[in-house]
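For the record, the sequence lines run as chains P and Y. Numbering of the first sequence is given in our numbering, commencing with residue 1 and proceeding in unit increments. Numbering of the second sequence is given in our numbering, commencing with residue 1001 and proceeding in unit increments.
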Amino acid sequence: MDPCNPPPPQDAPVIETRRQLVSALQDASELEQLLMICYLHAAITLKKANEPGISPAEAEIVRRWEAKTMMVARQEMEHLGLVNNLLIGMGEAPYFYRPDFPLQSDFFDHLDLPFRLERYNKRAVRRFVKFEKPDDRHLEGTGFDLSELEPKRTQPMLTGEPEEPLALVPPRSLRQGIDFQSVQQLYQAIQVAINNCHGYDDLKNLFRGTPSREPYQDFQFNFEMNIFTFPVTSVPTANAAINLILKQGEGIDAQPAFSSHFHIFAEILEEFKAANQNNPDFEPAWNVVLNPSKENVTDPFALEAMDFFNDSYTTMVYMLLGFYAYFSPVSCDQSFRNVSTALQETAFAPMMTMILRPLGEIITRLPSGKGPYFAGPNWDLVPDKDQPEPTEESPLRLPPEKELPDFFLKRIGLMERQGDRLREMSKKLGQPPDVHKRLDFMCENISRMNANFRRFITS
Amino acid sequence: MKNWETLDIAFEGYFMCRLTTDPDPTDEKRGVSGYTLALASETDLDNYILLNPSEEYLKKNLRKPGPRLIEQNKLSLGVKVKSATVNGASYAPAQNLVGGMVNLLDRDFRTGDVGPMFEGRNDIVASDDNVEFPIDPFIIDIRNPDHPDQHIQRKDVLSRDIPLWKLPPDVYQDRLGVPPAAEPSLEVMEAIGVYDFFEYFNDRAKDIEGLLKNVEQEAAETGMDKRALEEMYKTRLYVIEFFGQRIRSRLGMQRIWNFHIEGSKGLVEGIEAGENGRRLDLEAPWPVTFWFGGYDGDLMIGYMRGALQVPFE
């Protein structure tokens, strides 16, 4: 499909300059991270078989929701990777920052779609459907009832817990006079700019990066995980990336039965209603406090675990930033290849699946210390205090290249100490044996990750 | 001149490993995002390599494979001794072992539904993607319950005190096995009798759909909750459909291990003095070669074939 033909609608926002395009891509990076975290956060609040208040039949339904939601989140990570490859292909720096939760983004102001950390409930799923909703013309024939979606202004909280006023964070594009009204509109405007459909001089010769230093040159995720990443070094590869993002998310140009994110969440919403009909008291998630913070979580153990989570999560984001900023393919004999390999082997499966997910699951089952609620991670990015001051363009900054190995070893060392402290606290405070067991396992894994990282950088 | 003759004990059969799979954490008990799950009525995923799981364990955890497999009698769980030979000829003093069980024991030499684990920790130690697992401890135990007087056992533990996750990878290189080929293994296909992986799981899905239609009767017969049964079958269908190629590709995968069991004294009971008074050497390294493959991620079973060589003194 030619992005310039038919011409974009007259009322569509238009990107005219390279700077605006970079800002729009940085907005896209923030959006993908925000969406991914909303989904992951909700997913880790879901109950599992043998946990209280859920029947065996419900546990099966809820597990499928969690599996599907995590798959969607993985594809948001894929989108984040493709957006960063697009930036790198253009010769720009990768971008892995985002505002803290909760926030009201101007992006979706017309729909009133706040970015909240909310447990898996019907309201959250409705919001997810709206995040992924294609333009109305793409909804024709899907049979989806839009009246299902959340009304324009926030309805009372389901659990009655108060929500603090949300920070209003204007996206970069808006500050440059471009107002996107949906994810679809943002990506379509980026695609029109990349193809320079309007013929602006500033959008000619966009791709000035070094293709060989772009991730996924000779490193691929396992396609069996339904993650498709590739280098974005030209207009055709950029079109492929954006088409993939829009197809997976909104279902644009997909076959009717395609499991887009929109389709998946719309289906879950229907199943939620059916489960409620079978059991009016059906509650699929732990009663995790809305937008966990140091104000609404007071339990010392939960607070310590939240800090550990945030520092580990920030370390993972630094690793991704390092991986994208300094990627060296295996075929390359530069000395930095060792650090690149170390980051590649640590940031993905080990950090994401063996540290962050289990830790998040532990936290969502801990009493918050306030009311009937459970705690939850708040996913704060906590910039390293020894690193250069954040700037507008680069809020998370890495040390110079030669200092990277020590920097990451220091960060993993910090995780080791925090893990040990939490483990000791767990025993002292008499946390359930299952919590000890998972923390012990996690501490072993961090210790081994540290050894692995050292081995990679010295091999 | 040293006699290099060995008693060759060949074994094979279906094993069970209720393995956690990436991207689930490997301590995920129920399974969520990987292709292996413990259904609501089943016990937690445990990662144990169970070559002969107990009846009780199977009752809880072996799913209905569907009428086709049962009719074809393709599923007989248990890794058993197929032959005991010397130079290819049947070795009379060890014939009572034939038909006996081959098991891998855990560090405490326990029998039952425990054993060494496939321990990957999602790329921290190894990976389930290509069945790259170091097996430690490796304690092979061969005995025939019908002939309890004969027993062979030998252990090889990488380190007495240090757990696997603490060991540097070069210590267990020989325990990782040979990486599988990109294409499916013909030997595995022959062993499990499956040549069309797509149809295999297509048939499975159809069988599960059949079971799904029959849940009312099944619930009445088993006393299980009808809705739970329905949802469990739907979960199985979801996994087969969603993981498509990932779950199919494991069927043809074969990983071969080949190393010497050493560092301890072997145990041989009932066949120490064989024909012509020859004794088996309990001190020399015992070569063992085996493969795991043909893993069915829905039933969480796979096939194992191998041979243990016990040298004569």
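All C-beta atoms in this analysis are idealised placements derived from N, C-alpha and C, irrespective of residue type, glycine included.
Asked, Found
"Residues of its chain near residue 1178 (chain Y), where Cβ-Cβ distance is below 6 Å and the 5 sequence neighbours each way are ignored", "1256"
"Minimum Cβ-Cβ distance from residue 454 (chain P) to chain Y less than 7 Å", "no"
"Bridge partners - residue 1175 (chain Y), DSSP secondary structure assignment", "Residue 1175 (chain Y) pairs with nothing; no bridge assigned."
"Pick from Y:1214, Y:1235, Y:1225, Y:1123 that is closest to residue 449 (chain P), judged by C-alpha positions", "Y:1123"
"Cβ of residue 1063 (chain Y) within 7 Å of any chain P Cβ", "no"
"Contact with chain Y by residue 61 (chain P), beta-carbon distance below 7 Å", "yes"
"Three-state secondary structure (DSSP) of residue 41 (chain P)", "helix"
"Outcome for residue 157 (chain P) when other beta-carbon atoms lying within 10 angstroms are tallied against a minimum of 16", "Annotation note: pLDDT 43 at residue 157 (chain P) (below 50); position unreliable, coordinate value reported separately. Its Cβ having fewer than 16 others within 10 Å, residue 157 (chain P) is exposed."
"7 Å Cβ cutoff, residue 36 (chain P) in contact with chain Y", "no"
"Neighbour list for residue 48 (chain P) in chain Y, Cβ cutoff strictly below 8 Å", "1029, 1030, 1032"
"Buried/exposed call for residue 85 (chain P), threshold 16 Cβ in 10 Å", "buried"
"7 Å Cβ cutoff, residue 1172 (chain Y) in contact with chain P", "no"
"Backbone secondary structure at residue 1280 (chain Y) - three-state DSSP", "strand"
"Exposed unless 16 or more other CB atoms sit within 10 angstroms - verdict on residue 4 (chain P)", "exposed"
"Endpoints, the alpha helix (DSSP H) within which residue 65 (chain P) is located", "56–89"
"C-alpha gap between residue 372 (chain P) and residue 1024 (chain Y), whole angstroms", "29 Å"
"CB contact check: residue 445 (chain P) to chain Y, cutoff 7 Å", "yes"
"Pair within 7 Å by beta-carbon distance, residue 353 (chain P) and residue 456 (chain P)", "no"
"6 Å CB neighbourhood of residue 1057 (chain Y) in its chain, flanking five on each side removed", "1113"
"Proximal chain P residues relative to residue 1184 (chain Y), where beta-carbon distance stays under 7 Å", "By Cβ distance, chain P contributes nothing, its closest Cβ being about 15 Å from residue 1184 (chain Y), past 7 Å."
"8 Å CB neighbourhood of residue 271 (chain P) in its chain, flanking five on each side removed", "61, 65"
"Proximal residues of chain P, C-beta to C-beta of residue 1235 (chain Y) below 8 Å", "60, 63, 64"
"Three-state class that DSSP yields for residue 369 (chain P) in the structure shown", "coil"
"Where residue 316 (chain P) falls, given that 16 or more other Cβ within 10 Å makes a residue buried", "buried"
"Selection from P:193, P:211, P:439, P:291 that minimises the alpha carbon distance to residue 16 (chain P)", "P:193"
"Cβ-based contacts, 7 Å cut-off: residues of the region 352–365 of chain P near chain Y", "353, 354, 357, 358"
"Secondary structure of residue 1110 (chain Y), DSSP reduced to three states", "coil"
"Any chain P beta carbon closer than 7 Å to residue 1122 (chain Y)", "yes"
"Rounded straight-line distance, which links the Cα of residue 322 (chain P) to that of residue 337 (chain P)", "12 Å"
"Length of the line joining the Cα atoms of residue 1224 (chain Y) and residue 1261 (chain Y)", "46 Å"
"Alpha carbon of residue 1093 (chain Y) to alpha carbon of residue 1151 (chain Y), nearest angstrom", "12 Å"
"Buried or exposed (CB count within 10 angstroms, at least 16 for buried), residue 1162 (chain Y)", "exposed"
"Coil, strand or helix - residue 28 (chain P) by DSSP", "helix"
"Beta-carbon neighbours of residue 1238 (chain Y), restricted to chain P and to distances below 8 Å", "64, 67"
"Cβ neighbours of residue 1307 (chain Y) in the same chain (closer than 8 Å, five flanking residues each side left out)", "1008, 1009, 1010, 1011, 1288, 1289, 1290"
"Any chain P beta carbon closer than 7 Å to residue 1012 (chain Y)", "no"
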